Amino acid sequence: MALRSYLTGASRLYRRDGFDSVFHRGLEKVERDVGNALPAIGDTLCRALSVRELRGYQSSEDDLTDVIDTAYDYRGYGAYRSIEPMQIRSELRDFVEAVAASDPETVCEIGTARGGSYYVWAQYLAASNYLSIDLPGGRFGGGHSLRRAEFLRDVCDRPDVDQAFLRGDSHSPATARHVEEILDGDAIDFLFIDGDHTYDGVKDDFERYSPFVADGGLIAFHDIVTIDHDPDCEVDRFWHELREEYETTEIVADPQQDRGGVGLVHW
């Protein structure tokens with residue numbers, strides 16, 4: 367129908383103004399239609415090339431070192447250029463080893479950002495259920511688009527693994543209800559809280575989602591080190607409260623560092 371309408375209009379234009387006018391009008395339409403489609407075409411191409419590039423890294427992964435190297439070193443294209451983790455590399459390695467020792471079946475990450483830590487969990491752990499919660503955008507590196515979530519799903523896909531990506535506010539009761547629906551009576555064995563870094567935000571995530579964690583599970587926090595240059599990052603304040611109440615483990619590469627640090631609560 368659209369083609370017929372265009373040809374009818376072109377015929378009238380030809381009779382009125384001649385071939386040159388029809389040709390140039392047609393060229394303008396092609397340029398306009400292709401131009402409108404270029405962002406989607408470009409993103410699709412970048413995603414396909416990035417998946418291929420990342421799978422090349424995956425083909426040589428034999429151990430945890432290889433998986434972590436992939437997360438930090440991989441470089442793709444466009445919006446999928448990097449999945450580099452927000453954690454300090456040495457801390458992430460010790461962190462992953464501690465989590466792997468607990469052999470979690472269900473993993474939930476609040477704050478996936480570029481996707482590096484999620485990638486490491488999905489590639490290295492033997493879990494069968496992975497759940498990511500993140501805003502479409504946010505501070506502290508937070509937020510990922512629907513297409514980036516689909517990209518992570520593609521590169522972490524395995525036949526025996528279920529993945530769910532929730533793009534919403536972790537503080538919302540609706541998001542918590544959605545998590546409960548996804549769990550369907552099961553518990554979270556490993557909960558990683560790395561989203562809102564304000565005191566109220568990190569406390570809300572802990573109080574809202576810790577009831578879903580299984581007895582003997584792990585709850586982890588990133589950025590437990592005091593960050594003087596960013597007063598809005600207050601994870602350390604809440605972490606100090608948790609240390610007074612629960613059995614905890616800290617993973618900090620350098621006592622003098624001014625960022626990072628991972629804290630584990632043994633639930």
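Note that my numbering gives residue 543 to position 177 of the sequence shown, counting from 1, and the numbers run on in steps of one.
Don't be surprised by glycine CBs; every beta carbon is placed ideally from N, CA and C.
Note that the structure is a prediction, hence the values are computed from the model and not measured.
The three-state reading of DSSP puts residue 592 in coil, since its state is none of H, G, I, E or B. By the neighbour-count definition (other C-beta atoms within 10 Å, threshold 16), residue 595 is an exposed residue. Less than 7 Å separates the beta-carbon of residue 537 from that of residue 570.
Going by beta carbons, residue 495 and residue 478 fall outside the 7 Å limit.
Within a 10 Å sphere around the beta-carbon of residue 585 sit 16 or more other beta-carbons, which makes this residue buried. In the structure shown, residue 564 falls within a coil segment according to DSSP collapsed to helix, strand and coil. Here the segment 528–548 does not lie against the segment 459–471, with fewer than 3 beta-carbon pairs under 8 Å apart.
Residue 482: not part of any beta strand (DSSP E); member of the alpha helix (DSSP H) spanning 482–490, first to last residue. Residue 586 has 558, 630 as its beta-bridge partners, per DSSP. With respect to the C-alpha of residue 591, the residue from 440, 624, 555 having the closest C-alpha is 624. According to the DSSP secondary-structure assignment, residue 529 is paired through a beta bridge with 496.
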